[in-house]
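Engineer:
In the working numbering, the protein residues as written are 1396 to 2285.
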């Protein structure tokens, strides 16, 4: 599309004799004062101005940005590309395949359904840790991965062949976010259009909330639901309000003994306390140059944990050095440098941009920390870890100590107790991408083995590197023998424990934990530790740096003060403390400098899309449309477009609705749509059993996201969900008001839908926090829920609800279900939504909740449809229906 170029910003940039078409920011007075992140948005608007969706007034609004004002100006952001992982990406491709058929049914050409911009998927969420602590664990887990997921992988190979602009990085390569920063990210994007090569900032949206990891490279991008990602793939810009930007000044340097993980946990706590939901965070100041690129990526990665849309570092020499290290061409490096300097986007530490709000951290004040036992923002100073654990233990255990004898598979007789570490896993994109903490872990393992220490026998240990480069530098540094000696063998290249793919605990450990109802813990180097996520047997989950993960495996318990209690004894019986084996940061850096080189990256990414012999040997279906297998329990045609016509169904008010679930604060998308194990006695488990799937082959909810029948039954099925319609019950249950009986949420919803009764969900603060999980919204809609009324929403889930035709409503400021006297037994009516049919988005709607005795509780709920674009999506019944009608009519 040719830009209107109202501001005559189109120009030519010369880079070493080659010309690139660019849109110059200095053509518009006022843009030069903007923070880096808003300059990226400004260029995006200049380049995509079409006079309809993107207008000159949008550019002027950015030029006149008032940092102190509340966001009220909607703009349309057009990302350069979409990046996906397979858990969230498979349903995207299922929907695209279904849309091809739906377009044909509406009289259109199915081949209009194609990604218009590059869409790249990294298969990284499907490996489970079945085997651990053995030299052959990697191959065994990979073998099981293919056994479980062959149907999904064949489907993705069909998509790669049938859809243009869609590429797949096969299993066993690495974690999507690390592959993104090491290979996929362009930093400055180039595109051929009408014989001209355009250059512009690389931007992306991703179907994983931790897409923000790429912010560390200066690439503006963030996580969206799969629903929004599909729309972006099909050419729809992302509707957003010009955000506030929080300037976060960094100074000083990380002290010895602290790690990048400790920095990010400190920043997470600071920003979550400050309040940054819906805002950009931008790092600046003299201290930025002291932050290695890997640490920047670690900080950017945790953006969802502190709630911001993005957490970005500007481009500087550190960025360029990383591009060279990771194998980018010198031409690309020169383009990045020349372009960003020409556009005023190069970081100048002496210049302080104008920001909406300001925070500052002196890195030298950071101390070793962990976070837990159920939220990443709940930071605990390591010196208080034991005390904190003992304070929260009564919440999870009825008595403080419960020693339980257990005989392990190898004949070892031992005891388990509350607080024992059942899982110690070096895992997830946050830290396995960072050489400083990974090398520190390897050196700590070396030091521990040299002193005769070993992991406690009841701990399930694992290492899941973010890319094969980690394996290369561990190999070169000679650290694998020690890691393997402690049981930290490679189990796979993927998300693993952090997504809930920890695999089962050893049978004898699991039985002892459940028989004695022990509150055991996991310690992982991840970013997510929500209830019920890591493992169904594990009640308490702590985030820690990779070296601390190993330390806790050596100790075997959370009930330890590392400063005063030893990890164990050496062969001579002398106590060995953590301080005795903690690696010196100077040695860590020296080993990094001596082992990590450009050749590792160029070799490992030389043929990244080819895959191994297993991938290449898969049968690949062909054709413009997919041949659905009615017997498949993994991939089924999506139900969202059944009966769709070009005419809109008018929005109606909600009458006679019952409450499906009454929930508290911090209900995450894991609570709403779990990713982990499928219980045999759950509705999803019964469905699979009825379809001939053996219990051992159930796999996970995440792996079955291509099958809506499983996912509907898995909605609100988290084993730790607490529905306040029931007393003292955990799991996916509710009270069915048609019978008065306790039932599964799925079974109750089926009964309500059969009776024609709409449903609502009541929630507290931060409803829908956590992963950008589209099935949390899709499942909610398919259960018959028409509205969610909460005290506040996390950004991605709110927009996903709208994208599925579910209206997000907010209690009046300062009010809650409890303060209003709602107990969930009421019958609800919601009036005022029909104004949307006239093109008007009501600010509030009238809610009436009638009790059984006839009395009524009335209040005005705030309608959280925040932009005109969102209102369009809702009127169409959802964003995909909107896009489908647009494409069919064109």
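In this text, a Cβ means the ideal position worked out from N, Cα and C, and glycines have one as well.
Using the beta-carbon count (16 or more within 10 Å), is residue 2066 buried or exposed?
Structural biologist: Burial call: buried.
Engineer: Throw me the rounded Cβ distance for the residue 2289 and residue 1862 pair, which I believe falls under 8 angstroms.
Structural biologist: A question about residue 2289 goes unanswered here, because the residues of the chain that appear run from 1396 up to 2285.
Engineer: Would you check if the distance between the CB atom of residue 1637 and the CB atom of residue 1447 is smaller than 8 angstroms?
Structural biologist: no
Engineer: Provide the residue(s) that pair with residue 2239 in DSSP beta bridges, ordered along the chain.
Structural biologist: 2257
Engineer: Is the beta carbon of residue 1928 less than 8 angstroms from the beta carbon of residue 1898?
Structural biologist: no
Engineer: Nearest to residue 1839 by CA position, among 2192, 1881 and 1932, is which residue?
Structural biologist: 1881
Engineer: Using the C-alpha atoms, what's the distance from residue 2181 back to residue 1396?
Structural biologist: With a pLDDT of only 48 at residue 1396, under the threshold of 50, the placement of this residue in the model should not be trusted; the figure read from the coordinates follows. It is roughly 38 angstroms from the alpha-carbon of residue 1396 to the alpha-carbon of residue 2181.
Engineer: If we call anything under 8 angstroms between Cβ atoms a contact, is residue 1490 one with residue 2178?
Structural biologist: no
Engineer: Tell me whether residue 1842 sits in a helix, a strand or coil according to DSSP, three-state version.
Structural biologist: helix
Engineer: State the Cα-Cα distance for the pair residue 2043 and residue 2270, rounded to the nearest angstrom.
Structural biologist: 7 angstroms
Engineer: Could you compute how far the alpha carbon of residue 2143 sits from the alpha carbon of residue 2127?
Structural biologist: 11 angstroms
Engineer: Thinking C-alpha only, which one of 1504, 1865 and 1681 is nearest residue 1822?
Structural biologist: 1865
Engineer: Closer than 7 angstroms by C-beta to residue 1962: which residues in its own chain qualify, once you throw out the five before and the five after it? Chain order, please.
Structural biologist: 1848, 1946, 1949, 1950, 1971, 1972 and 1973
Engineer: Using the Cα positions of residue 2166 and residue 1572, report the straight-line distance between them to the nearest angstrom.
Structural biologist: 14 angstroms
Engineer: Would you decide whether residue 2021 is buried or exposed? Buried here means 16 or more other CB atoms lie within 10 Å of its CB.
Structural biologist: buried
Engineer: So, residue 1938 versus residue 1766, is the Cβ gap smaller than 8 angstroms?
Structural biologist: Against a cut-off of 8 angstroms, the Cβ pair of residue 1766 and residue 1938 comes out as a contact.
Engineer: State the beta-bridge partners of residue 1799 as determined by DSSP.
Structural biologist: Partner residues in the beta bridge of residue 1799, as assigned by DSSP, are 1811.
Engineer: Could you tell me whether the segment 2089-2105 touches the segment 2056-2066, using the rule of 3 or more Cβ pairs below 8 angstroms?
Structural biologist: no
Engineer: For residue 2201 and residue 2102, which I take to be in contact (beta-carbon distance under 8 angstroms), what is that distance rounded to the nearest angstrom?
Structural biologist: Not quite, the Cβ-Cβ distance comes to about 21 angstroms (not below 8 angstroms), so this is no contact.
Engineer: Please list the terminal residues of the continuous alpha helix (DSSP H) segment that includes residue 2203.
Structural biologist: Unbroken run through residue 2203 is the beta strand (DSSP E), 2202-2205; no alpha helix (DSSP H).
Engineer: Can residue 1639 and residue 1753 be called in contact, C-beta distance under 8 angstroms?
Structural biologist: no
Engineer: On the DSSP bridge list, what partners appear for residue 1935?
Structural biologist: Partner(s): 1916.
Engineer: So, at 7 angstroms on beta carbons, what are the nonlocal neighbours of residue 1528 in its own chain, with the 5 sequence-adjacent residues on each side left out?
Structural biologist: 1856, 1882 and 1884
Engineer: Between which two residues does the beta strand (DSSP E) containing residue 1409 stretch?
Structural biologist: 1405-1410
Engineer: Can you tell me where the beta strand (DSSP E) holding residue 2051 begins and where it ends?
Structural biologist: 2049-2057
Engineer: For residue 2032, which residues of its own chain have a beta-carbon under 6 angstroms away from its beta-carbon, when the five flanking residues on both sides are left out?
Structural biologist: 1493 and 2023
Engineer: Is the distance from the Cβ of residue 2130 to the Cβ of residue 2116 below 8 angstroms?
Structural biologist: no
Engineer: Between which two residues does the alpha helix (DSSP H) holding residue 1442 run?
Structural biologist: 1431-1443
Engineer: Touching or not, the segment 2190-2206 and the segment 1614-1624, by the rule of three or more beta carbon pairs under 8 angstroms?
Structural biologist: yes
Engineer: Assuming contact is defined by CB atoms lying nearer than 8 angstroms, are residue 1454 and residue 1444 in contact in what I supplied?
Structural biologist: Taking 8 angstroms as the Cβ cut-off, residue 1454 and residue 1444 qualify as a contacting pair.
Engineer: Can you grab the Cα-Cα spacing for the pair residue 1673 / residue 1487, in whole Å?
Structural biologist: 24 angstroms
Engineer: With a threshold of 8 angstroms, are at least 3 pairs of Cβ atoms found where one atom belongs to the segment 1663-1671 and the other to the segment 1683-1701?
Structural biologist: Per the Cβ contact rule, the segment 1663-1671 is in contact with the segment 1683-1701 (3 or more Cβ pairs under 8 angstroms).
Engineer: Assuming residue 1756 contacts residue 1717 under a Cβ cut-off of 8 angstroms, what Cβ separation, rounded to an integer in Å, is found between them?
Structural biologist: Contact flag wrong, Cβ pair sits at about 22 angstroms.
Engineer: Is residue 1678 helix, strand or coil by DSSP?
Structural biologist: In this structure, residue 1678 counts as strand in the three-state DSSP scheme.
Engineer: With a threshold of 16 other CB atoms inside 10 Å of the CB of residue 2221, please say whether the residue is buried or exposed.
Structural biologist: buried
Engineer: May I have the straight-line CA-CA distance separating residue 2203 from residue 2046, to the nearest angstrom?
Structural biologist: 14 angstroms
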